[in-house]
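**Student:** Submitted below is the structure of interest, expressed as structure tokens.
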Amino acid sequence: MNFDIDYLRSQLNDVQYQAVLGYDGPQLLLAGAGSGKTRVLTYKLASLVRNRGVAPHQVLAVTFTNKAAREMKTRVAKILETPCSFPWLGTFHSVCARILRMYAEHLGYTSSFTIYDRDDQKRLVKKILKQAGDEKIKPESVIYNISNFKNNYISFDGAAAMASGGYDLRIAKYYSQYQKGLKANNAMDFDDLIFLTISLLKQQEEVRERFKNSVRYVLIDEFQDTNKAQFQLIQLLLGPHNNITVVGDDDQSIYGWRGAEVTNILNFGDYFSNLNTVKMEQNYRSTKNILGVASSVIKHNRERHNKTIWTANDDGEKIVLLENENENQEAEKIIRQLKNDDTFSNGETAIFYRTNAQSRVLEDQLRRHNIPYMVLGGIRFYDRKEVKDVLAYLHVLVNPKDSVSFGRIINTPRRGIGNKTIEMFTDMALQNNTTLFEAFCTVENAYNGTAAEKKIASFLKIYRALEAAVQQESSLAEKVDAVIELSGYHAFLKESGIEDDRDRLENVAEFVAAAADFENRNPGKGLAEFLQEISLYTQEDEVKVRQSSVTLMTVHSAKGLEFSRVFLTGLEDGLFPLIRDADNADIEEERRLFYVAVTRAEKKLVLSFATSRRTWGNAVFADPSRFINEIEPHFLTRETGMARVTAPKTGRHYEPVEDQYIPNYEEECEGPAFFQGQHVQHKLFGMGTILKTEGFGESARLVIRFQDGNPKKMIPKFAKLTVLD
DNA sequence: TTCAAAGTTGTTTTT
DNA sequence: CAACTTTGAA
Ligand SMILES: Nc1ncnc2c1ncn2[C@@H]1O[C@H](COP(=O)(O)OP(=O)(O)OP(=O)(O)O)[C@@H](O)[C@H]1O
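Heads up, the first sequence is in this note's numbering, so the first residue is 1 and it goes up one at a time.
Spelled out as structure tokens, the structure:
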């Protein structure tokens, strides 16, 4: 159909168009920010299906985040005007998880394996370190080392073989024990998803051939941030035709600290003799001034491919540089700048920072100004303790070998089964070479046993009930709800009386709603699939209201996104570039990070720094970032005016709040007003006196001393309080 | 076994 | 500074 070719021409420039048509053989698109790399990949995918008769399941397309994958799916469906499913479009991790679910048995796992997150990994490593009696080494650094090995596809034997010195040997030993522990638990960590898929493809010739034959085209976005293991994986999946398109920008490589190898993209030609390299030089995203700032800074890097980049867009506004005395003034001035635009909360404004901790001051100030915002990063919904507790129950029910999750649920909620009992049964299990669960089962019917045994027997009774509930023919949400109910978790939260537990109960209810939602979106899929989706969830996936708020995030999470207005904050030497250890600082990667941040902006860019910043309680002074000095001055307008700002009250001003804030103007004025010294009545705690008030309406928080003498924090929105005065 | 109080860590960045 | 972990008393 000619229509499609004309359509392609109308949507792409010449170079992009040629890149899309270069279907066969290896192709590398090395191009600067905003040049349409992702766009080319998207149109290529659509065109392969439409013009080349390639079936969706024959394309392996890898994106950096799940969100990017979803967007690509949506775009392609729109271009093709038909919804179609691409089973092999996703992140490396989700694609691998899918492969492993199909073939886990070949590796000695079952297909219902659990994916361990950071927290689970830490629990397992801690257990190993405790057994080894090694308290000196931090679990985090063990995890970090193991992860490095896996990113380079080095097994524990390999790690032991290349060890030099006692420390290396210890790490190798823990790596080996950790890996065996994971396998015994029928669990994999994030890096295993890649690692074990490589192992699978290496070991199982039929599986490998199956993929090589069925995958006709491979497309990879953000190739500059792939690691060695991922590169190996691609080589194993790629058929003899070498139909592979990789896309990236070496200047945007910002995950070196996690094993990403820029050389994957820079030396790509070494692996494919007939490589077709395409360079795209026109930027469609940003104004000339924004691009000027980006280029003038990035050219200070020595290890890079020099690239021309230009734009037909306007000069646009000059870049504003805000100079501030401290972080509060910075936040205040940003908000003032932001309010210059009356469309500041239409979802097209973003505030970036180098470290997550910096978001707090900005949040405080935004809330104070009643500006709706959302924060990416920090604690995700599924990372909350109460949600993870419920998840642990579900994980055990899907994968009974998951001892880490099992350890989490034994005494949650409190059942009087403490450390000592657990230790005793762990020893017993170790001696009989069984699992802790099996050790428990030996006293399942011992009603005449010790107090501890009775408690275990009653726990097992609960466990059996949970098993039965999950087997039932019922909806996913009903099953989840039954687990929360039967485990006693619901009652525990409801009756605890601690104010925070009321919030937790709401989150648990929200989790049941999430299960219902999952079932809606994926009819026919069950608990195991639900758990996998959650395990692979990323920050970006949290459904939040970008449309009507200001978005706050780290520069790392901003990769690949674009915003009309961008505020880049905390530009102080030592913070951005972040220098923790002067000898090992990677300034070039920091500079690339700066480049990524700046090139997210379409129309307006504001840079800011603070001469002093409060860190761990005391003010730290710093010079403006060296990157600011690298900007050619004619792009900038400096704003020095040290306007007085109202410093927030010192002390406890910050309360942990939802990572999303939408002011509710009506309710702000409603509800009874509380004051210090007022007497109130609470359903559970009886009469009390208000010691302290904070905030108003929905966001109000109170500290109340009840009859028992203990002050308690309460939120009147949830706590049913009756005013007595 | 459990809770509260004292002590101690940490801030990169995340799929 | 604040979140987390360990310690000690009941
Ligand atoms: N030929 C074109 N015509 C119109 N708009 C274009 C064209 N090419 C790219 N764009 C637009 O430019 C912006 C950047 O494109 P895209 O996100 O694909 O670039 P990228 O190279 O992947 O960027 P980055 O590497 O910075 O993430 C998008 O808004 C895209 O729609």
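Think of the CB as a built atom: it goes at the ideal place given N, C-alpha and C, for glycine as much as any other residue.
Remember, predicted model here, so these are calculated numbers, not experimental data.
If you reduce the DSSP assignment to three classes, tell me which class R50 lands in.
**Tutor:** It is helical.
**Student:** Have a look at L233 and D586 and give me their C-alpha separation to the nearest angstrom.
**Tutor:** Cα to Cα, L233 sits roughly 28 Å from D586.
**Student:** By alpha-carbon positions, which one of G256, D134 and P56 ends up nearest to E590?
**Tutor:** Per the Cα distances, G256.
**Student:** Verify whether the separation of the beta carbon atoms of T637 and K333 is less than 8 Å.
**Tutor:** No, these two residues do not count as a Cβ contact at 8 Å.
**Student:** Considering only the alpha carbon of each residue, which of A172, A132 and G166 lies closest to D157?
**Tutor:** The shortest Cα separation from D157 among A172, A132 and G166 belongs to A172.
**Student:** So does N13 have its beta carbon nearer than 7 Å to some heavy atom of ligand 1?
**Tutor:** Because some heavy atom of ligand 1 lies under 7 Å away, the Cβ of N13 counts as near it: yes.
**Student:** Is G526 near ligand 1, judged by its Cβ being under 7 Å from some heavy atom?
**Tutor:** Every heavy atom of ligand 1 is 7 Å or more from the Cβ of G526, so no.
**Student:** Give me the Cβ distance between A350 and V596, rounded to the nearest whole Å; I'm assuming they're in contact under 8 Å.
**Tutor:** About 12 Å separates the two Cβ atoms, so there is no contact after all.
**Student:** With a cut-off of 8 Å on the beta carbons, I'd call F492 and L460 a contact; round off their distance for me.
**Tutor:** About 18 Å separates the two Cβ atoms, so there is no contact after all.
**Student:** Can you check which of these residues, K455, I456 and L486, is closest to V470 by C-alpha distance?
**Tutor:** Here the closest residue by C-alpha is L486.
**Student:** Could you pull out every residue in the same chain whose Cβ sits closer than 6 Å to the Cβ of V657, ignoring the five residues on either side in sequence?
**Tutor:** Confidence in V657 is poor, its pLDDT being 44 and thus under 50, which makes the residue's placement unreliable; the coordinate value appears in the next sentence. Closer than 6 Å at Cβ, skipping near neighbours: no residue.
**Student:** Per DSSP, what kind of secondary structure is D581 in: helix, strand or coil?
**Tutor:** In this structure, D581 counts as coil in the three-state DSSP scheme.
**Student:** Could you tell me the distance, in whole angstroms, from the CA atom of N370 to the CA atom of S286?
**Tutor:** Cα to Cα, N370 sits roughly 30 Å from S286.
**Student:** Which residue comes first and which comes last in the alpha helix (DSSP H) that contains V207?
**Tutor:** Looking at the DSSP string, the run of the alpha helix (DSSP H) that includes V207 is E205 to S214.
**Student:** Could you tell me which uninterrupted alpha helix (DSSP H) segments, each at least 4 residues in length, are contained entirely in the segment 573-628, listed from first to last along the chain?
**Tutor:** Counting whole runs of 4 or more residues, the segment 573-628 contains the alpha helix (DSSP H) stretches 587-598.
**Student:** Return the bridge partner residues of R565 from the DSSP annotation.
**Tutor:** Answer is T349 and K604.
**Student:** Is R591 near ligand 1, going by C-beta to nearest heavy atom under 7 Å?
**Tutor:** No, the Cβ of R591 stays beyond 7 Å of every heavy atom of ligand 1.
**Student:** What whole-angstrom Cβ distance do D250 and L266 have, given they're in contact under 8 Å?
**Tutor:** D250 to L266, Cβ: 6 Å. Contact.
**Student:** Counting pairs of Cβ atoms below 8 Å between the segment 551-562 and the segment 613-631, do you hit three or more?
**Tutor:** The segment 551-562 vs the segment 613-631: no contact.
**Student:** Counting beta carbon pairs with one atom in the segment 603-610 and one in the segment 304-318, are three or more of them shorter than 8 Å?
**Tutor:** Yes, they touch.
**Student:** Count the C-beta pairs between the segment 224-231 and the segment 205-213 that are closer than 8 Å, then say yes if the count reaches three, no if not.
**Tutor:** With a cut-off of 8 Å, the segment 205-213 and the segment 224-231 do not count as touching, because too few Cβ pairs lie within range.
**Student:** Buried or exposed: which applies to S273, given that a residue is buried once 16 or more other Cβ atoms fall within 10 Å of its Cβ?
**Tutor:** By the neighbour-count rule (16 or more Cβ atoms within 10 Å), S273 is not buried but exposed.
**Student:** Return yes when at least one heavy atom of ligand 1 lies under 7 Å from the C-beta of T38, else no.
**Tutor:** Because some heavy atom of ligand 1 lies under 7 Å away, the Cβ of T38 counts as near it: yes.
**Student:** Does the beta-carbon of Y167 have 16 or more other beta-carbons within 10 angstroms, so that it is buried, or is it exposed?
**Tutor:** Label assigned to Y167: exposed.
**Student:** My output table needs one value for A132: the three-state DSSP class, helix, strand or coil.
**Tutor:** DSSP places A132 in coil when its eight states are reduced to three.
**Student:** Give me the residue from R258, P56 and I244 with the minimum Cα distance to N152.
**Tutor:** Of the listed residues, the one whose Cα sits closest to N152 is R258.
**Student:** Tell me the rounded alpha-carbon separation between F621 and L575.
**Tutor:** Going by the C-alpha atoms only, they are around 11 Å apart.
**Student:** CB-CB under 8 Å to N629, same chain, minus the five flanking residues each way: which ones, in chain order?
**Tutor:** Nothing meets the Cβ criterion.
**Student:** The beta strand (DSSP E) spanning G248 covers which residue range?
**Tutor:** Run containing G248: I244 to G248, per the beta strand (DSSP E) assignment.
**Student:** Going by other Cβ atoms of all chains shown within 10 Å of its Cβ, with 16 needed for buried, is Q203 buried or exposed?
**Tutor:** The residue in question, Q203, is exposed, as its Cβ has fewer than 16 Cβ neighbours within 10 Å.
**Student:** Beta strand (DSSP E) containing Y23: first to last residue?
**Tutor:** Where Y23 is concerned, there is no enclosing beta strand (DSSP E), given that its DSSP letter is neither H nor E.
**Student:** Spatial neighbours of T412 within its chain, please: CB distance less than 6 Å, with the 5 preceding and 5 following residues excluded, ordered by chain position.
**Tutor:** Taken in chain order, the residues that qualify are D389.
**Student:** Measuring straight from C-alpha to C-alpha, what distance separates H305 and Y489?
**Tutor:** Those two C-alpha atoms are separated by around 57 Å.
**Student:** With which residues is E639 paired in a DSSP beta bridge?
**Tutor:** Answer is L322.
**Student:** In the DSSP assignment, find the beta strand (DSSP E) that holds W218 and state where it starts and stops.
**Tutor:** A quick correction: the sequence has Val, not Trp, at residue 218. Start and end: Y217 to I220.
**Student:** Following the continuous beta strand (DSSP E) through L436, name the residue where it begins and the one where it ends.
**Tutor:** Unbroken run through L436 is the alpha helix (DSSP H), L436 to C441; no beta strand (DSSP E).
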